[in-house]
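Just so we're aligned, residue 93 is where the sequence shown starts under our numbering, counting upward by one.
Cβ atoms here follow ideal geometry from the backbone N, Cα and C, with glycine treated the same way.
Note that the structure is predicted; figures quoted are calculated from it, not measured.
Please read the structure below before turning to the comments.
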Amino acid sequence: MQKRHARATLPPDAGERLKRIRLVCFDVDGVLTDGHLYFLPNGEWSQRFYVRDGYGIKLLQQAGVEIAILSSGDVRSGRARAESLGIKHVHFGVTDKASKFAELAKNVGVSAPEAAFMGDELVDIPLLQQVGFGATVPDAVEEVRAAAHYVTQRRGGEGAVREICDLIRNHR
């Protein structure tokens with residue numbers, strides 16, 4: 093297993109890894125959102141998303157990169173956000189993200205080294221270790237930060253996704 097670099101600077105081989113990326117998978121809670129659930133008066137939950145993260149995703153899509161959601165949770169606002177961004181590969185309630193990724197990668201026609209994943213919880217570690225570029229947020233648990241190639245400077249729901257999108261775009 094290759095040594096991972098859990099820091100806000102890119103590891104030496106990051107440029108080569110990032111050049112190959114054709115599929116980017118994101119977790120939702122704590123990555124696309126700030127990790128908080130907001131309870132509405134009608135009893136539903138909602139989440140907070142950052143508009144610039146969405147724009148970063150749109151820029152990757154325009155560059156020909158496939159985008160996917162792989163989330164253990166399932167909150168209606170997450171589905172609505174994915175739909176608003178035109179994300180075709182949306183998987184909520186996923187208990188085994190590595191297996192779901194393998195199925196998705198096969199369907200999209202990419203290999204693990206051609207994919208990136210951004211997650212922030214223990215369940216995300218197997219997939220972070222499998223893909224060509226694994227990223228997380230600074231407030232992820234220590235084990236996740238250690239498993240990632242890159243830890244963003246910005247927090248989830250506050251520009252972390254845009255940071256990853258820009259890294260990928262700038263290395264294409």
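- A straight-line Cα-Cα distance of about 12 Å links serine 191 and aspartate 216.
- The residue among Val123, Arg114, His128 with its C-alpha nearest the C-alpha of alanine 232 is Val123.
- Approximately 5 Å separates the beta-carbon atoms of cysteine 257 and leucine 152; this is inside 8 Å, confirming the contact.
- In the DSSP assignment, leucine 115 falls within the beta strand (DSSP E) that extends over 115-118.
- By DSSP's assignment, glycine 226 forms a beta bridge with Phe209.
- Inter-segment contact for the segment 221-229 and the segment 238-253 is present: three or more beta-carbon pairs are separated by less than 8 Å.
- Taking a contact as a CB-CB distance under 8 Å, the pair arginine 246 and alanine 252 counts as one, their CB atoms being some 5 Å apart.
- With contact defined as three or more Cβ pairs closer than 8 Å, the segment 156-164 and the segment 139-148 are not in contact.
- Glutamine 154 sits exposed, since fewer than 16 C-beta atoms from the chains shown fall within 10 Å of its C-beta.
- Closest by C-alpha distance to proline 103, out of Ile149, Glu250, Ala227, is Ala227.
- In the three-state reduction of the DSSP assignment, isoleucine 260 falls in the helix class.
- Sixteen is the threshold: since fewer than 16 other Cβ atoms of the shown chains lie within 10 Å of the Cβ of phenylalanine 131, the residue is exposed.
- One Cα belongs to glycine 135, the other to cysteine 117, and the distance between them is close to 30 Å.
- Judged by their CB atoms, glycine 248 and aspartate 212 are nearer to each other than the 8 Å cut-off.
- Taking the C-beta atoms as reference points, glutamine 139 is found no nearer than 8 Å to valine 182.
- When DSSP states are grouped into helix, strand and coil, glutamate 255 belongs to the helix group.
- Alanine 172 is classed as exposed because its beta carbon has fewer than 16 other beta carbons within 10 Å across all chains shown.
- Here glutamate 158 is bridged, per DSSP, to Leu115.
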